[in-house]
Each structure stands twice: as structure tokens, then as C-alpha cells.
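**Student:**
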Amino acid sequence: METIATIILAAGKGTRMKSSVPKILHPMAGEPMIFYPITTIKDELNANPLVVVVGKEGEKIKVYFEDTPILFAEQPEPLGTAHAVMCGKELLKNFTGDILIMCADAPLITGVTLRKFIEKCQKNKAVIGVLTTIHPNPYGYGRVIRDEKGFVTKIVEEKDATPEEKNIKEINSGIYLVNSSFLWQGLSEIEANNVQGEYYLTDLLEVARKYKKKIVAWQTEDYEEV
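Quick note on numbering: my numbering labels position 16 of the sequence shown as 45, and the sequence is numbered without any gaps.
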């Protein structure tokens, strides 16, 4: 596996939990939720640099990981996942290669699954890769849309999906591998044309298709990981 950098998105408020504690700092088996994906990436993938994008509650996260070799970027306003990734650009401006992007609320994802995904993408020389799975109850997740040949064309978020699209059980895990040669250019072309008025990272797939960039979707069997 070639060396990668990582961006972990940790700026979400987790408003559905109705708690003063940021969602990703809620304890799970004695450690905050965000501890697990960071540990997996740091210890099993040896990703470097490792960038964590935080929001207004970022100081609490920084304090917890003050002895961990992490670079922190700040998303001042919650303008969407694509905007959050762009907030990490300055810290990765000198990195050339594949960048793993994922959300901090994925404590069950394993190094084995991430490694298989990354190796699949790199073997196929994908410019952008997305980790998907089949979920028996896909409500709330982005749906993976494929064409008649089975190639991924786009990902549609729950709030923007048609009734037909909502019946699709293949979901987006929120985990991507994107080559730096395309990532920053692609992000700059994303617009907030959706119900939420946010810049969706999922729209990067449509930008990639516009430029005929190679997209690989790798499906893991264990939906509970994601």
C-alpha cells in the first residue's frame, strides 16, 4: 500500500444527541468515539500527515489529543463536508498522493477494511474511491446510484433523494480515497445546490465524472462497521 494522508472530519455538532458534549467525544468503552478511528489510522495505516478538521468545540478535541501527532484545521462555519475538507487544504498543500477522507463518528471501522479499500483503489489507479455497503435499513444514509453497467454515477443524500432512490440499499459509508492531483480542484467546483444549502463532498463524484476521472466503489460486507 502506498503512503497516504488522512483527513478526519470532526466539526459536526451532533445535534440529534441533544448533549452539551460533542458527539465524537461521547465515551465508548472508556474512550471518546473519535479515539477509535484516529487510533486505527495512526497505528494500522501509518497515515502521515493526519489532519483533523474541528468546529467551534475543537478545543476540547485538541486537549484530549495534545500528545498525539495530529494536525488540526478549523471549519469556522458548518457549510458542509466538502467545505470541511477544503479547510484542511493548507495543511496538506505539500502532500502528493492519495488522501483518505472520513468522518470521526466511525468507531467500528477496522484497519483491515480500510486497507482492503485503499489497496483496491490504488491497484486500479482510481482518482477517487468510495467505500460502500448494503444496509438492510438505509434510512438516513446517502444512496449510491449506479448506471446500467454498474458504475457509480453519484451519491444522493437522504433529504435530496427521490422515492425511487430511497429504495436503494447500497449506501455511502462516508469514507473516500481521493488523489491530491484532483481533490482540491474538484472541491472548488462543488456548489451548494441542495435542500441543506451545503457543500456536499459526495458531489465530488459528479465532478470526477465530468472530467472522466476513474472512480472505484468498493463494497464491504459488514455494514455495521460503517
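Glycine residues also receive a C-beta, built at the ideal position from the N, C-alpha and C atoms. Quick caveat: nothing in here was measured; it's all calculated off a predicted structure.
On the criterion of 16 or more Cβ atoms from any shown chain inside 10 Å, does V141 qualify as buried, or is it exposed?
**Tutor:** With fewer than 16 other Cβ atoms within 10 Å, it is exposed.
**Student:** Among the candidates Q151, Y205 and P107, whose CA atom is the shortest distance from the CA of L233?
**Tutor:** L233 has its Cα closest to that of Y205, out of Q151, Y205 and P107.
**Student:** Between E199 and the rest of its own chain, which residues show a CB-CB distance below 6 Å, the 5 nearest in sequence each way excluded?
**Tutor:** Around E199: T161, I163 and V173.
**Student:** Just the C-alpha distance for M46 and A40, rounded to the nearest angstrom, thanks.
**Tutor:** Unreliable positioning characterises M46 in this predicted model, as indicated by a pLDDT of 49, which lies under 50. A coordinate reading is not provided.
**Student:** What did DSSP end up calling Y205 once you bin it into helix, strand or coil?
**Tutor:** The answer is strand: DSSP assigns Y205 an E or B state.
**Student:** Cβ atoms of I138 and P66: under 9 Å apart, would you say?
**Tutor:** For P66 and I138, yes; Cβs fall inside 9 Å.
**Student:** Between V80, K71 and D127, which has its C-alpha nearest I36's C-alpha?
**Tutor:** The shortest C-alpha separation from I36 is found at V80.
**Student:** When we look at the beta-carbon of N75 and count the other beta-carbons within 10 Å, is it buried (16 or more) or exposed?
**Tutor:** Exposed is the call here.
**Student:** Note down, in chain order, each residue of its chain lying with its Cβ closer than 8 Å to the Cβ of I244, except the 5 sequence neighbours on either side.
**Tutor:** Excluding positions up to five away in sequence, the list reads A155, V156, I157, G158, V159, F180, V181, L234, A237 and R238.
**Student:** Could you give the C-beta distance for L216 and C132, rounded to a whole number, given that I count them as a contact under 8 Å?
**Tutor:** Their Cβ separation, rounded to whole angstroms, is 16 Å, which puts L216 and C132 out of contact at 8 Å.
**Student:** With a CB to CB cut of under 7 Å and the five nearest residues on each side skipped, what residues in its chain are close to T201?
**Tutor:** Checking the sequence shown, residue 201 turns out to be Asn, not Thr. Cβ neighbours of N201 beyond the five flanking positions: V159, T161, Y170, G171, V173, I184 and T231.
**Student:** Using C-beta distances below 6 Å, list every residue in its chain close to I99, excluding the 5 sequence neighbours before and after it, in chain order.
**Tutor:** Here the set comprises L79 and V81.
**Student:** Are the CB atoms of E73 and L143 nearer to each other than 9 Å?
**Tutor:** Yes, Cβ-Cβ distance for E73 and L143 is below 9 Å.
**Student:** Who are Q248's beta bridge partners in DSSP?
**Tutor:** Paired residues: T161.
**Student:** Nearest by alpha-carbon distance to N123: which of T97, I33 and K195 is it?
**Tutor:** Checked all of T97, I33 and K195; the closest Cα to N123 is I33.
**Student:** Considering only residues of the same chain and omitting the five flanking positions on each side of T69, which have a CB-CB separation below 8 Å?
**Tutor:** So the list reads I138, T139, G140 and L143, once near-sequence residues are dropped.
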